[in-house]
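**Student:** Take a look at this one; I'll ask things after.
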Amino acid sequence: MTTAPAKLYGKNLSEYDDLDVDQLLSQLSPEEISILAKEVDPDDNLLPPSERCSYECNKEATGPLNRKKLIEHINKQALETPDLPELKPYVAGTIRGKKWIAPETNGKTEHEDKIAIDIDDEYGDALDGASQEEIIDLAAILGFHSMMNQDQYHASLLNKGQPVGLGWDGVTKATQPKVYPPEPPNQTDPEDSIKRVRDDDPKLLDLNWNNIKNISDEKFENLFIALVENTHLETLSLVNVGLTDRLAGKLAEALEKNCTLRVCNVETNFITPIGIVHLIKSLLKQRSLEEFRATNQRSQVLGNKIEMEITKLIEQNPTILRLGLHLEYNDARHRIASHLQHNIDRNNRLGVQAKFKLAETRRDNESGFEIVSAE
Numbered sequence: 001m002t003t004a005p006a007k008l009y010g011k012n013l014s015e016y017d018d019l020d021v022d023q024l025l026s027q028l029s030p031e032e033i034s035i036l037a038k039e040v041d042p043d044d045n046l047l048p049p050s051e052r053c054s055y056e057c058n059k060e061a062t063g064p065l066n067r068k069k070l071i072e073h074i075n076k077q078a079l080e081t082p083d084l085p086e087l088k089p090y091v092a093g094t095i096r097g098k099k100w101i102a103p104e105t106n107g108k109t110e111h112e113d114k115i116a117i118d119i120d121d122e123y124g125d126a127l128d129g130a131s132q133e134e135i136i137d138l139a140a141i142l143g144f145h146s147m148m149n150q151d152q153y154h155a156s157l158l159n160k161g162q163p164v165g166l167g168w169d170g171v172t173k174a175t176q177p178k179v180y181p182p183e184p185p186n187q188t189d190p191e192d193s194i195k196r197v198r199d200d201d202p203k204l205l206d207l208n209w210n211n212i213k214n215i216s217d218e219k220f221e222n223l224f225i226a227l228v229e230n231t232h233l234e235t236l237s238l239v240n241v242g243l244t245d246r247l248a249g250k251l252a253e254a255l256e257k258n259c260t261l262r263v264c265n266v267e268t269n270f271i272t273p274i275g276i277v278h279l280i281k282s283l284l285k286q287r288s289l290e291e292f293r294a295t296n297q298r299s300q301v302l303g304n305k306i307e308m309e310i311t312k313l314i315e316q317n318p319t320i321l322r323l324g325l326h327l328e329y330n331d332a333r334h335r336i337a338s339h340l341q342h343n344i345d346r347n348n349r350l351g352v353q354a355k356f357k358l359a360e361t362r363r364d365n366e367s368g369f370e371i372v373s374a375e
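The UniProt record's numbering puts the first residue of the sequence shown at 1, with every later residue one more than the last.
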């Protein structure tokens, strides 16, 4: 099936390709060009509305524009123009026009349709004679949380009786907030903890420097140097301590050589996205870290390029199980979540296999057989 070629004014469109547009426009008069401009020019959204439409007034200006005198003339003309006469003069205390009177209603109107529920006579009699407190207790048991507030719900669960004045007919009052004492500051001594990390103290498994102010860069560097040779520390928390990219680079070098650290938390610091990439890249050489957190840094948005680079690094890491980062793009979030779930499943399988082998070894030892490994 063939279609007929498109035509314009009885000619094929291909015949207009060789025409000179400038020559055709030169043959038009100024009036014809203005008409053509009105039909052809598109509506430009970048121009203000006052300049989008063509100017239609061809009258000559009567004189130069003086904005100040024009405004004075408009105000003078408005003040000198008399008001329209009122049909009925104003008199204090009298009502002009008709007064609106609400129409009479026949009885009370029901806005909600009644729902017929078939209840046994025994349950119906029990509900008809139930008090307000009993209905609230029943709603708490059935989980109807919209029928009560938190105080009524907890009072029903603890069987303390309903508070006085907080029923459906009582006055609604705000619950007084519970006052908790402020959390004490972090009492960890940086100098002592650095010494224990350097001495490889077997009792030091968790080091928490969170929210410690005014820690010098020298102390951070000493900690990271001591972390290289440490074989017992498992958790390192450096939240809100003012880490920068330079210190993050020192930490990345320490993570590459440490083989026992399992959790590293550097949230709420001043690390840039590039510094976060260096930290995550160091985890490829250090295969013991299972959890890494670095949210709430100076730059809230990492950017597409950084997120894709982090995604590729995480997909190459077979040991990390939890990652604390704010990712903006769905592709990065889904790929990282899928890989973390794969690592968790793999870790669970290895744990089950290790338990099975341990149980089998114990069973063989109890039966009197000695297992000798051939090397």
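Glycine residues also receive a C-beta, built at the ideal position from the N, C-alpha and C atoms.
So which of Gln-77, Arg-96 and Ala-78 has the shortest CA-CA distance to Glu-86?
**Tutor:** If we check each option's Cα against that of Glu-86, Arg-96 comes out closest.
**Student:** Let me know if Thr-62 comes out buried or exposed under the rule of 16 or more other beta-carbons within 10 Å of its beta-carbon.
**Tutor:** Thr-62 should be labelled exposed.
**Student:** DSSP three-state call for Ser-338: helix, strand or coil?
**Tutor:** In this structure, Ser-338 counts as helix in the three-state DSSP scheme.
**Student:** Could you tell me the distance, in whole angstroms, from the CA atom of Gly-124 to the CA atom of Asp-137?
**Tutor:** Approximately 17 Å between the Cα atoms of the pair.
**Student:** Taking 9 Å as the cut-off, decide whether the C-beta atoms of Ile-274 and Ile-314 are in contact.
**Tutor:** Cβ atoms of Ile-274 and Ile-314: not closer than 9 Å.
**Student:** Would you call the CB atoms of Asn-240 and Thr-268 closer than 9 Å?
**Tutor:** Yes, Cβ-Cβ distance for Asn-240 and Thr-268 is below 9 Å.
**Student:** Inspect the beta-carbon positions of Leu-358 and Glu-328 and report whether they are closer than 9 Å.
**Tutor:** For Leu-358 and Glu-328, no; Cβs fall outside 9 Å.
**Student:** Between which two residues does the beta strand (DSSP E) harbouring Arg-196 extend?
**Tutor:** Segment 190–198 is the alpha helix (DSSP H) holding Arg-196; no beta strand (DSSP E) there.
**Student:** Quick one: measure Cβ to Cβ for Thr-260 and Ser-282, integer angstroms, because I've assumed they're closer than 8 Å.
**Tutor:** Rounded, the Cβ-Cβ distance is 15 Å, inconsistent with contact.
**Student:** Is DSSP giving Ser-237 helix, strand or coil here?
**Tutor:** In the structure shown, Ser-237 sits in a strand (DSSP, three-state: E or B).
**Student:** Where does Asp-331 sit, in a helix, a strand or coil, going by DSSP?
**Tutor:** Here Asp-331 sits in helix by DSSP.
**Student:** To which residues does DSSP link Lys-7 through a beta bridge?
**Tutor:** Answer is Asn-12, bridged to Lys-7.
**Student:** In chain order, what residues of the same chain have a beta carbon less than 8 Å from the beta carbon of Ile-215, not counting five sequence neighbours either side?
**Tutor:** Cβ neighbours of Ile-215 beyond the five flanking positions: Pro-190, Trp-209, Val-241 and Gly-242.
**Student:** Quick one: using the 10 Å Cβ neighbour count with 16 as the cut-off for buried, is Arg-246 buried or exposed?
**Tutor:** Exposed, because fewer than 16 other Cβ atoms sit within 10 Å of the Cβ of Arg-246.
**Student:** Cutting at 7 Å between CB atoms, please list the residues of its own chain near Leu-323, excluding the five before and the five after it.
**Tutor:** Phe-292, Ile-314, Ile-336 and Leu-340.
**Student:** Give the DSSP-derived three-state secondary structure of Asp-206 in the structure shown.
**Tutor:** The answer is strand: DSSP assigns Asp-206 an E or B state.
**Student:** On the DSSP letters alone, give me the boundaries of the beta strand (DSSP E) that Asn-265 sits inside.
**Tutor:** First-last of the beta strand (DSSP E) with Asn-265: 263–265.
**Student:** Can you find the residues in the same chain that come closer than 8 Å, C-beta to C-beta, to Asp-200, ignoring five residues on each side of it along the sequence?
**Tutor:** The residues are Glu-229, Asn-230, Thr-231 and His-232.
**Student:** Using only the alpha-carbon positions, how far apart do Ser-373 and Arg-362 sit?
**Tutor:** Residue placement at Ser-373 is poorly supported in this model, since its pLDDT is 41, which falls under 50; the coordinates are not used for a value here.
**Student:** What three-state label does DSSP hand Gly-275 in the structure shown?
**Tutor:** Gly-275: helix per DSSP, three-state reduction.
**Student:** In whole angstroms, give me the CA-to-CA distance for Pro-30 and Leu-24.
**Tutor:** Spanning the two alpha carbons is a distance of roughly 13 Å.
**Student:** By DSSP, does Leu-323 sit in helix, in strand, or in coil?
**Tutor:** Three-state DSSP puts Leu-323 in a strand.
**Student:** Just checking my contact of Ala-226 with Ile-194 at CB under 8 Å: how many whole Å lie between their CB atoms?
**Tutor:** Yes, they are in contact, since the Cβ atoms of Ala-226 and Ile-194 sit about 6 Å apart, within 8 Å.
**Student:** Among all the DSSP beta bridges, which residues are the ones paired with Glu-291?
**Tutor:** Val-263 and Arg-322, per the DSSP bridge assignment.
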